[in-house]
Structures are given as C-alpha cells and as structure tokens.
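The numbers in this note's numbering rise by one with no breaks, and the one at position 131 of the sequence shown is 146. The C-beta atom is built at its ideal place from N, Cα and C for all residues, glycine as well. In what follows, a single structure is set out as structure tokens and then discussed.
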Amino acid sequence: MNLIASADRNWAIGLNNKLLIRIPEDMKFFQKTTTGKVVVMGRKTLESLPGGQPLKNRTNIVLTSNRGFQVKGAKAVHSMEELLEELGQYRSEDIYIIGGESVYRELLGLCDVAHITKLEYEYEADAWFPNLEKEKDWELTGSSEEQTYFDLEYYFLKYERKKKS
Ligand SMILES: NC(=O)c1ccc[n+]([C@@H]2O[C@H](COP(=O)([O-])OP(=O)(O)OC[C@H]3O[C@@H](n4cnc5c(N)ncnc54)[C@H](OP(=O)(O)O)[C@@H]3O)[C@@H](O)[C@H]2O)c1
Numbered sequence: 016m017n018l019i020a021s022a023d024r025n026w027a028i029g030l031n032n033k034l035l036i037r038i039p040e041d042m043k044f045f046q047k048t049t050t051g052k053v054v055v056m057g058r059k060t061l062e063s064l065p066g067g068q069p070l071k072n073r074t075n076i077v078l079t080s081n082r083g084f085q086v087k088g089a090k091a092v093h094s095m096e097e098l099l100e101e102l103g104q105y106r107s108e109d110i111y112i113i114g115g116e117s118v119y120r121e122l123l124g125l126c127d128v129a130h131i132t133k134l135e136y137e138y139e140a141d142a143w144f145p146n147l148e149k150e151k152d153w154e155l156t157g158s159s160e161e162q163t164y165f166d167l168e169y170y171f172l173k174y175e176r177k178k179k180s
C-alpha cells in the first residue's frame, strides 16, 4: 500500500483542517498518481476536500466511527478491521492512503511506499505526517529536481520500506 502526502520541513501537513498550501503542480501529481486507484481517508480529510465531496474517478473509502455517516460516491468503514476487510478485494499497489494525520499514523505500518511532496518551509500547523527520516524501517529512494512555486522550493520524494535482507 502507498501513502501520499505533502509535508513541510517539520513534516507538518495541515492547519485548521486545511492543507498548508495548494501547489497546482502538486495537485496534478496527486491526481495523476491516484486516478483509477483506491483512496483511503479519514472523515475530516473528506470534509476538507472541495465541497466535502469524494474524489472523482477513484474508489473512495472513508474511515468514521459514525455508523449513520453517508456520502454519495464513498464507502464508509467504521474500524481498522472493517477497512482491512474492504481493502482485501484490491491489489495492495492500487491503494493510496491520502490522510489525514490519524489515518497516516494508523496505516504507516502496513504501507511500503510513500510519495511525499516535501515543502522547504516551516508552516504553522496542527497536523503532522510521521517523520520518515526517523523511521528506521524507511529510506529515501528517489527525489525530483528542485521545484519552485513562487518563492517556495519543494521536491517530489519517494520513500520505501527497507527490504528485509
Ligand atoms: N498535506 C497532506 O497531504 C494532507 C492530506 C490529507 C489531510 N491533510 C490534513 O490533515 C488534517 C486532518 O487530519 P486528522 O488526523 O485531524 O483527521 P483525519 O485523519 O482526516 O480524520 C480523522 C477521523 O477519521 C476517522 N477515523 C480515523 N481512524 C479511525 C478508525 N480506526 N476507526 C474509525 N474512524 C476512524 C474518525 O472520524 P469520526 O470522528 O467521524 O469518527 C476521525 O475523527 C487536516 O489539516 C488536513 O488538511 C493533509
């Protein structure tokens, strides 16, 4: 399974249930990477999407403890067990964990690839991705050239779970 996130120098990912910044090229990367795939998100992240609506052309799965929760175009699951049962019908490489903090933390251990758009800035934040530089099982395996958006520098990074030797 994959994780996909944009994170700043401190691995911050959000403030007040919003992204720290919307970079058009990053949005395109996200869309290109996840289209046709399965996206897994927490209820708060769903609510942070435009119009609070599921993402088009993707299978949307939303974690919530609220059994009355219903959104057209998304499948609600109510526990990790229920999520993993639902995900069993898909190929692991087709599954993308798209946030937020709680869901990244709960599922990191089951994932083996992380696509991180790394923002070279320190934003005010209240949500963070696990610091993969401190995760001994993970290593940086790829980086784009430096990208810029106005005066912000950022990179498309790929981290992978270390292969057992
Ligand atoms: N930079 C990025 O790439 C990126 C991507 C996504 C999100 N974000 C940011 O992340 C922040 C949101 O993160 P968050 O941690 O506050 O919220 P979240 O993970 O999006 O959603 C949390 C909610 O998910 C549900 N949930 C999580 N685990 C569950 C489980 N095991 N069983 C049942 N329900 C479960 C619960 O919903 P109920 O309360 O309904 O029970 C919980 O309140 C926002 O700032 C958002 O913008 C950033």
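Check your understanding: Looking at the structure shown, is S117 part of a helix, part of a strand, or coil, going by DSSP?
Key -> The residue labelled residue 117 in the question sits at position 102 within the sequence shown. In the structure shown, S117 falls within a helical segment according to DSSP collapsed to helix, strand and coil.
Practice item. Return the chain-ordered list of same chain residues with a C-beta closer than 7 Å to the C-beta of S63, the five sequence neighbours on each side being excluded. Key: Residue 63 sits at position 48 when you count from the first residue of the sequence shown. Correct list, in chain order: N32, K33.
**Study point:** Residue from T163, Y119, G103 whose Cα sits closest to the Cα of K59
**Key:** To locate residue 59, count along the sequence shown from 1; it is residue 44. Minimum Cα distance to K59 is reached at Y119.
Practice item. Pull up the distance between the alpha-carbon of L18 and that of I112, whole angstroms please. Key: Position 3 of the sequence shown, counted from the start, is the residue given in the question as residue 18. Position 97 of the sequence shown, counted from the start, is the residue given in the question as residue 112. Cα to Cα, L18 sits roughly 5 Å from I112.
Review point. Going by DSSP, what residues sit across from I19 in a beta bridge?
Key: To locate residue 19, count along the sequence shown from 1; it is residue 4. Residue pairing from DSSP places I19 in a beta bridge opposite H130.
Check your understanding: Quick one, are the C-beta atoms of F45 and F171 less than 8 Å apart?
Key -> By one-based count along the sequence shown, residue 45 stands at place 30. By one-based count along the sequence shown, residue 171 stands at place 156. Taking C-beta atoms as the reference points, F45 and F171 fail to come closer than 8 Å.
Exercise for review: Determine the closest residue to S117 out of G67, M56, T49, D109, with distance taken between C-alpha atoms.
Suggested key: As a working note, residue 117 is residue 102 in the sequence shown. The closest CA to that of S117, considering only G67, M56, T49, D109, is found on M56.
Check your understanding: By how many angstroms is the C-alpha of K151 removed from the C-alpha of F165?
Key -> Taking the first residue of the sequence shown as 1, we reach residue 165 at position 150. Taking the first residue of the sequence shown as 1, we reach residue 151 at position 136. One C-alpha to the other measures close to 34 Å.
Point to revise | The beta strand (DSSP E) enclosing E154, as first and last residue numbers | key: Along the sequence shown, one-based indexing puts residue 154 at 139. Annotation: the continuous beta strand (DSSP E) that includes E154 extends over 153-158.
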